[in-house]
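For the first sequence, the working numbering assigns the number 84 to the initial residue and increments by one for each residue that follows.
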Amino acid sequence: MRLSRLFFTSLRDDPADAEMASHRLLVRAGYVRQLGAGIYSLLPLGFRVSQRIEQVIRDEMNAIGGQEMEMPVVHPADLWRETGRYAKIGPEMVRFKDRSGRDMVLAMTHEEVVADLLRDLVKSYRQLPAIVYHFQTKFRDEPRSRGGLIRVREFVMKDSYSLDADAAGLDRAYDLHYAAYEKIFERLGLATVAVGADVGIMGGSLAHEFMALNDAGEDTLVICEACGYAANQQIAAVGAPDPAPEELRLIEEVATPETPTIASLAALLGVGTDRTAKATFFVTGDGRLVTAIVRGDFEVNETKLGNAVKAIGGLRPAQTEEIKAAGMEPGYASPIGAHDTTVVMDELAARSPNLVAGANRHGYHLLNVNSGRDFTPDLVTDIANARAGDGCPNCGSPVVLRQGIEVGNIFKLGTDFTKALGSTYLAEDGSRNLVVMGSYGIGLGRAMACIVEAHHDDKGIAWPASVAPYPAQLVSLGASRDPAVGEAAEGLYQRLTDAGVELLYDDRDESPGVKLTDAELLGMPRILTISPRSLTAGGVEVTDRASGERSVRPVSDVEAELRG
RNA sequence: CGGGGCGUGGCGCAGUUAGGUAGCGCGCAUCGUUCGGGACGAUGAGGUCGGAGGUUCAAAUCCUCUCGCCCCGACCA
84 MRLSRLFFTS LRDDPADAEM ASHRLLVRAG YVRQLGAGIY SLLPLGFRVS
134 QRIEQVIRDE MNAIGGQEME MPVVHPADLW RETGRYAKIG PEMVRFKDRS
184 GRDMVLAMTH EEVVADLLRD LVKSYRQLPA IVYHFQTKFR DEPRSRGGLI
234 RVREFVMKDS YSLDADAAGL DRAYDLHYAA YEKIFERLGL ATVAVGADVG
284 IMGGSLAHEF MALNDAGEDT LVICEACGYA ANQQIAAVGA PDPAPEELRL
334 IEEVATPETP TIASLAALLG VGTDRTAKAT FFVTGDGRLV TAIVRGDFEV
384 NETKLGNAVK AIGGLRPAQT EEIKAAGMEP GYASPIGAHD TTVVMDELAA
434 RSPNLVAGAN RHGYHLLNVN SGRDFTPDLV TDIANARAGD GCPNCGSPVV
484 LRQGIEVGNI FKLGTDFTKA LGSTYLAEDG SRNLVVMGSY GIGLGRAMAC
534 IVEAHHDDKG IAWPASVAPY PAQLVSLGAS RDPAVGEAAE GLYQRLTDAG
584 VELLYDDRDE SPGVKLTDAE LLGMPRILTI SPRSLTAGGV EVTDRASGER
634 SVRPVSDVEA ELRG
């Protein structure tokens with residue numbers, strides 16, 4: 084491809100609204116353009132990268148027996164009503180009516196369609212197992228997109244679905260995907276860590292997220308470098324040590340003016356935050372007030388809490404009036420004397436003796452509060468966030484926290500969807516059983532952005548060879564003055580093109596500075612410079628974009644290697 | 001949805017406080033000189049200042065409403 088003909092432009096200045104390196108560079112180098120919030124066009128260069136990522140994924144999906152297909156972006160709402168998700172999913176699903184007034188939705192994912200196809204196509208155990216997948220557009224009307232391609236509303240995802248006769252089959256399909264994902268991300272140049280993830284209240288039994296480590300990542304990961312334990316903080320078990328046993332002392336009310344926060348309370352009383360109990364309040368989607376108690380040195384984990392109380396429609400922070408209505412005083416609250424609320428006690432807090440807790444009276448706290456003696460929680464379980472340095476739940480070594488970007492997930496769905504849609508098969512023994520499903524996703528645009536995050540420097544992108552839009556960028560310098568340069572560059576480009584090897588050829592009549600700067604910005608793995616100087620030195624100057632290593636080599640050598 | 005910020009040629013910005021009829025840099029076009037690290041000179045094209053309404057002799061600037069985008073939080077099948 085001649086750069087003079089390429090539908091693109093590079094920008095000298097960083098776009099004002101791009102903060103992450105991947106966003107900045109992909110826009111500046113002419114790979115993508117924004118159309119609206121969370122909606123992007125892939126320009127020819129960006130599309131080529133996306134296609135190359137797609138091909139890597141396709142290879143590995145086919146290698147585990149995946150069958151590529153394509154399912155629609157527009158679905159009849161009735162199908163989503165059958166599984167109950169039409170009502171369950173909020174405004175992130177786009178709904179509209181077609182010309183006949185039928186309710187339609189834009190696909191956020193394709194479990195429904197797969198399960199619908201199953202009841203049509205699969206009738207016998209002989210047809211199982213199977214893995215189907217496609218690369219298809221999803222639209223999720225996220226409340227907030229961010230980070231360029233990191234979190235968008237419209238994106239192409241590889242989603243695959245495993246179809247099995249039983250749970251053992253699902254286990255095999257899951258393991259196949261796990262291994263395939265490791266290969267895919269390695270080939271894409273992405274260092275990922277697979278973490279255990281929340282399966283939510285949707286019924287799945289096991290899920291992993293493949294996380295690209297990145298400081299700007301939205302997820303916090305709890306990682307044990309000693310034993311390899313890794314989990315999303317949303318579900319990571321807290322491995323804090325047992326508190327030292329103490330005699331339970333008598334409860335005692337003390338005046339603690341102006342101490343609505345744990346920090347101010349601990350400072351006033353001269354105790355550690357680990358000697359306090361923190362009460363926080365949430366309301367479930369179906370209107371229940373939940374009082375969550377953790378020790379003052381921990382934070383409440385809303386995912387764990389939501390799962391613990393089986394919150395329908397999630398949790399939102401409670402309002403002051405709602406807390407007071409249950410007999411508690413915000414800032415000085417405890418479950419003692421509370422009513423009409425579900426009290427969930429963190430298990431570590433429950434094991435910690437003689438804590439300071441609110442007196443439910445403005446400006447007062449209680450000393451020596453003990454769970455079980457002074458109040459009875461409805462539920463005692465782990466609802467706290469694991470912290471850096473806490474013991475690994477697996478081996479006890481101190482864990483570290485890292486930020487990550489979810490680039491892929493694998494999920495054991497089970498039979499929820501096939502049950503809802505009646506997708507059954509006849510087994511060998513004649514019994515009618517539900518097909519067991521798993522679903523597995525990789526977002527292409529997000530993967531592209533993560534690759535740039537991991538492969539760039541202050542000059543631009545440095546694509547891994549596996550996904551680069553072209554293997555090399557050929558740059559001619561001074562062609563307009565030295566016919567030999569033009570001939571050498573044109574000749575090399577022409578011969579390689581004829582041989583089916585595509586290069587990006589900067590044939591523009593620009594100054595050396597512009598062309599070299601652009602070549603580094605665009606990030607092809609190798610930059611081939613042909614100039615009077617290089618010809619004198621023996622041919623083509625080959626620069627490895629990532630390492631910066633340069634060598635001058637005969638044109639024929641370079642040509643032979645690229646024909647490879 | 002809460003908080004904050006921003007909308008002025010393709011990109012980055014100034015001008016808004018103290019209303020007077022739009023400017024700078026880059027990019028773009030043409031010509032000339034340059035040519036291995038975002039060259040230089042000359043000439044030129046391109047914007048009714050996100051939109052609507054209002055105040056005024058006069059609005060990018062003041063008022064009202066509205067749309068959009070970014071960041072933090074909430075949210076995230």
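Every residue, glycine too, gets a C-beta built ideally from N, C-alpha and C.
Which class does residue i belong to by DSSP, given the choice of helix, strand or coil?
i: residue 105; result: helix
i: residue 367; result: strand
i: residue 261; result: helix
i: residue 388; result: helix
i: residue 115; result: strand
i: residue 129; result: helix
i: residue 394; result: coil
i: residue 456; result: coil
i: residue 94; result: coil
i: residue 144; result: helix
Identify the continuous beta strand (DSSP E) that holds residue i and give its terminal residues.
i: residue 215; result: 213-222
i: residue 495; result: 483-497
i: residue 52; result: In the structure as shown, the chain begins at 84 and stops at 647. Residue 52 is therefore absent and cannot be evaluated.
i: residue 595; result: Premise fails: residue 595 lies in the alpha helix (DSSP H), 595-605, not in any beta strand (DSSP E).
i: residue 180; result: 178-180
i: residue 275; result: 275-279
i: residue 243; result: 237-247
i: residue 589; result: 587-589
i: residue 400; result: 398-400
i: residue 627; result: 623-627
i: residue 289; result: 289-296
Comparing alpha-carbon positions, which option in the options lies nearest residue i?
i: residue 390; options: 401, 282, 468; result: 282
i: residue 631; options: 540, 382, 475, 308; result: 540
i: residue 514; options: 98, 86, 206; result: 206
i: residue 197; options: 559, 369, 523, 603; result: 523
i: residue 420; options: 408, 430, 431; result: 408
i: residue 402; options: 386, 371, 380; result: 371
i: residue 208; options: 172, 180, 553, 246; result: 246
i: residue 599; options: 584, 585, 626; result: 626
i: residue 242; options: 251, 154, 212; result: 154
i: residue 344; options: 496, 412, 222; result: 412
i: residue 279; options: 113, 426, 304; result: 304
i: residue 445; options: 474, 635, 473, 415; result: 415
i: residue 434; options: 443, 357, 487, 476; result: 357
i: residue 422; options: 213, 489, 96, 458; result: 458
i: residue 172; options: 582, 622, 192; result: 192
i: residue 167; options: 147, 590, 499, 620; result: 499
i: residue 138; options: 218, 619, 592, 590; result: 218
i: residue 442; options: 595, 593, 336; result: 336
Apart from the five residues on each side of it in sequence, which residues of its chain come closer than 7 Å, Cβ to Cβ, to residue i?
i: residue 101; result: 107, 110, 231
i: residue 188; result: 158, 160, 163, 176, 177, 178
i: residue 249; result: 519
i: residue 565; result: 615
i: residue 624; result: 612, 617, 633, 635
Span of the alpha helix (DSSP H) holding residue i?
i: residue 574; result: 566-581
i: residue 531; result: 527-537
i: residue 450; result: No alpha helix (DSSP H) contains residue 450, which is instead part of the beta strand (DSSP E) from 447-452.
i: residue 169; result: 168-171
i: residue 423; result: First-last for residue 423: undefined, no H or E at that position.
i: residue 646; result: 638-646
i: residue 156; result: Where residue 156 is concerned, there is no enclosing alpha helix (DSSP H), given that its DSSP letter is neither H nor E.
Note down, in chain order, each residue of its chain lying with its Cβ closer than 8 Å to the Cβ of residue i, except the 5 sequence neighbours on either side.
i: residue 224; result: 174, 175, 176, 177, 236
i: residue 277; result: 261, 264, 265, 291, 292, 293, 294, 313
i: residue 331; result: 436, 437, 451, 453, 456
i: residue 569; result: 559, 562, 563
i: residue 578; result: 642
Spatial neighbours of residue i within its chain, please: C-beta separation below 6 Å, excluding the five flanking residues on both sides.
i: residue 491; result: 264, 293, 525
i: residue 150; result: 215
i: residue 377; result: 361, 383, 429, 432, 467
- Message: Below 8 Å, how does it come out for the stretch 261-279 and the stretch 520-531: are there three or more Cβ pairs, yes or no?
- Response: yes
- Would the stretch 88-102 and the stretch 117-137 be scored as touching if the rule is three or more Cβ pairs under 8 Å? yes
- Query: Would you say the stretch 461-476 touches the stretch 437-449, given that touching needs at least three Cβ pairs under 8 Å?
  - Reply: no
- Are the stretch 506-522 and the stretch 320-327 in contact at 8 Å, needing three or more beta carbon pairs? no
- Message: Within 8 Å, do at least three Cβ pairs link the stretch 295-312 to the stretch 448-462?
- Response: no
- Message: Could you check whether the stretch 390-404 touches the stretch 353-368, counting it as contact only if at least three pairs of C-beta atoms, one from each stretch, sit closer than 8 Å?
- Response: yes
- Query: Would you say the stretch 601-610 touches the stretch 555-570, given that touching needs at least three Cβ pairs under 8 Å?
  - Reply: yes
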